[in-house]
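Chains as they are written, first to last, in this note's numbering: chain C, 172 to 463; chain R, 515 to 807.
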């Protein structure tokens with residue numbers, strides 16, 4: 172009896188708390204926020220399934236009548252999304268590997284090893300965070316032209332690496348700093364050389380850092396537009412961003428269905444990655460911006 | 515021990531590759547670009563020494579100043595929106611949603627990782643007028659506000675605001691998370707003590723929370739300005755700089771000068787100005803922050 176009474180009293184306060192104006196206001200704000208942030212994406216996905224007549228005859232916010240997969244077929248065949256995707260993968264992953272390998276090596280030499288001038292070298296790398304791409308675009312364009320690297324993925328991979336290094340080295344040195352020097356000293360006393368220190372002690376401790384840096388750089392490289400539109404104009408070498416830009420420019424006005432399908436095709440993989448790794452992604456991207 | 519950590523060959527092996535790539539692809543081209551500013555012509559037509567001619571032309575170039583003001587206006591509104599709404603969201607997460615805000619934080623953050631080209635394509639369709647109305651025009655039409663049905667991206671003034679809305683929409687969740695991280699750092703006792711002293715609501719925010727949040731807000735501000743002053747992708751993908759040149763920032767004006775008009779010297783001069791502008795603004799913000807905190 173007593174417990175029942177207490178329970179109903181609890182339920183009553185619970186209800187009162189739930190109907191508190193402050194909570195209702197918070198709920199409304201959350202609702203509004205979700206509509207603002209998610210509606211454009213939901214609308215994109217729904218619209219990608221609409222047939223051509225639906226766009227003409229029904230309002231744009233109406234739900235699709237069914238699944239018109241033809242849009243996706245059009246986007247992938249006429250839009251050549253398969254080629255663009257492949258190119259993006261062929262550029263992004265080698266660049267990531269190069270950034271992580273060279274960046275981790277450099278951070279190790281700067282933070283763990285001892286030599287004169289390493290602070291100056293670190294500062295030189297960090298200064299690169301501020302440099303706008305525009306200032307190197309013309310010299311690189313001429314250089315790649317002379318070296319016949321235009322329309323070559325290598326040009327993109329090297330440029331992404333150079334522009335990825337400042338932030339990468341900044342993050343890696345930050346991760347290396349807290350490693351206790353005693354661990355490294357003990358290994359050296361036991362006879363390890365510097366390469367063994369790197370491979371057996373530092374590298375295993377850097378697993379998290381590598382994932383974080385990799386994710387941050389992945390989004391920078393995958394979403395790049397300016398470099399790929401400058402150094403690549405051969406259609407068969409285009410990455411997904413320039414490919415999508417051209418597709419939207421070419422078919423966007425008249426063929427909304429395939430256009431929505433093409434946009435959705437570039438959004439969905441990112442969405443899946445985000446659903447799986449959002450904690451790591453948020454931590455990595457925010458760590459990369461405001462630690463300095 | 516010292517001998518192992520001072521191994522010169524090893525230092526070169528570890529540092530060398532990164533340094534070579536960085537120097538060849540980033541540092542040397544910066545010097546090269548500055549060199550270009552004293553020449554006219556292009557690799558195809560050949561270069562002739564021009565002294566300070568490019569700089570003299572730049573000062574008189576109305577389109578350069580249009581682009582300069584566009585970049586400035588865009589940076590003020592977008593950075594203002596990103597930091598302002600980011601701050602509002604962070605306070606909302608911390609004081610209203612409390613511990614249950616993780617899911618909302620994650621959802622609002624999401625657009626940051628989307629490709630700009632895709633986001634811009636979605637916004638083009640949201641604000642479209644032909645061949646059919648986009649969502650915005652369709653809704654205005656539905657609720658009877660026919661005067662608001664208009665070619666949003668076809669007019670300079672409205673295209674500017676669509677661009678601002680898009681880039682604030684995309685990044686506010688990012689700044690909210692950064693500022694939220696700063697908010698959690700503020701000890702609960704500090705806020706509790708201020709509450710006991712009678713501070714509440716706006717006074718609490720203004721007198722206690724915002725001053726404590728100042729350092730991280732300034733970092734976020736500098737980070738945001740650094741991005742907004744260099745805006746390129748959003749403009750290219752949403753408006754292409756148009757209608758006319760109405761939404762052309764410095765970056766795009768430089769790109770056109772360099773690659774459409776093949777004026778390497780002039781393009782580099784704009785790029786150098788842009789770099790200086792970013793540096794000066796960042797330094798000013800930094801100095802201002804130092805004096806303030």
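Yeah, the Cβ is synthetic: ideal placement off N, Cα and C, and Gly gets one too. Bear in mind that the values here come from a model prediction, so they are computed numbers and not experimental data.
- Within the model, the alpha-carbon separation for residue 698/R versus residue 609/R is close to 10 Å.
- At a beta-carbon threshold of 7 Å, the residues of chain C lying near residue 546/R are 310, ordered along the chain.
- Residue 202/C sits in a helix when the DSSP states are folded into three classes.
- The Cβ neighbour count for residue 753/R, taken over all protein chains shown within 10 Å, is at least 16; the residue is labelled buried.
- Nearest CB-CB separation between residue 575/R and chain C: not below the 7 Å threshold.
- Inter-residue distance for residue 668/R and residue 756/R is about 8 Å (C-alpha atoms, whole angstroms).
- For residue 692/R, the nearest CB of chain C lies under 7 Å from its own CB, placing it at the interface with that chain.
- In the three-state DSSP reduction, residue 553/R falls in the strand class (E or B).
- Within the DSSP secondary-structure output, residue 561/R pairs in a beta bridge with 555/R.
- When Cβ-Cβ separations below 7 Å define contact, residue 247/C makes no contact with chain R.
- Judged by their CB atoms, residue 428/C and residue 242/C are nearer to each other than the 7 Å cut-off.
- For residue 642/R, the closest alpha carbon among the candidates 357/C, 454/C and 423/C is that of 423/C.
- Residue-level contact by beta carbon fails for residue 388/C and chain R, as no gap is shorter than 7 Å.
- For residue 397/C, same chain residues with a beta-carbon under 7 Å away, outside a window of 5 residues either side, are 304 in chain order.
- Per the Cβ contact rule, the stretch 269-284 of chain C is in contact with the stretch 335-349 of chain C (3 or more Cβ pairs under 8 Å).
- Sequence-distant partners of residue 635/R (beyond 5 residues in either direction) whose C-beta falls short of 8 Å from its own C-beta, in its chain, are 751.
- Distances from the alpha-carbon of residue 776/R to those of 454/C, 309/C and 326/C put 309/C closest.
- With fewer than 16 other CB atoms across the displayed protein chains lying within 10 angstroms of its CB, residue 285/C is exposed.
- Chain R places no beta carbon closer than 7 Å to that of residue 331/C, leaving this residue out of the contacts.
- In the displayed model, residue 777/R falls within coil according to three-state DSSP, outside both helix and strand.
- Cβ neighbours of residue 359/C within its own chain (closer than 7 Å, five residues either side excluded): 368.
- If you check the CB distance, residue 678/R and residue 591/R come in under 7 Å.
- Judged by DSSP secondary structure, residue 714/R falls outside any alpha helix (DSSP H); it is assigned neither H nor E.
- Within 10 angstroms of the beta-carbon of residue 613/R lie fewer than 16 other beta-carbons, which makes it exposed.
- Within 8 Å of the CB of residue 714/R, no CB atom of chain C is found; the nearest one sits about 13 Å away.
- C-alpha of residue 255/C to C-alpha of residue 606/R: approximately 41 Å in a straight line.
- From the listed residues 323/C, 361/C, 436/C and 453/C, the smallest Cα separation to residue 401/C is found for 323/C.
- When the alpha-carbon of residue 684/R is set against those of 444/C, 196/C, 417/C and 208/C, the nearest one is in 208/C.
- Non-local beta-carbon contacts of residue 554/R in its own chain, meaning distances under 6 Å to residues more than five positions away in sequence, involve 562, 564 and 779 in chain order.
- Residues of chain C whose Cβ lies closer than 7 Å to the Cβ of residue 636/R are, in chain order, 211, 215 and 434.
- Listed in chain order, the alpha helix (DSSP H) elements of length 4 or more contained wholly in the stretch 231-264 of chain C are 241-248.
- Restricting attention to 623/R, 576/R, 766/R and 600/R, the CA atom closest to the CA of residue 724/R is found in 600/R.
- Against chain C, the beta carbon of residue 740/R has neighbours under 7 Å at 301, listed in chain order.
- By the neighbour-count definition (other C-beta atoms within 10 Å, threshold 16), residue 315/C is a buried residue.
- For residue 457/C, the chain R residues whose C-beta falls within less than 8 Å of its own C-beta are 688, 691, 692 and 695, listed in chain order.
- Close CB contacts of residue 372/C within its chain, under the 7 Å cut and outside five residues either way in sequence, are with 354, 355 and 358 (chain order).
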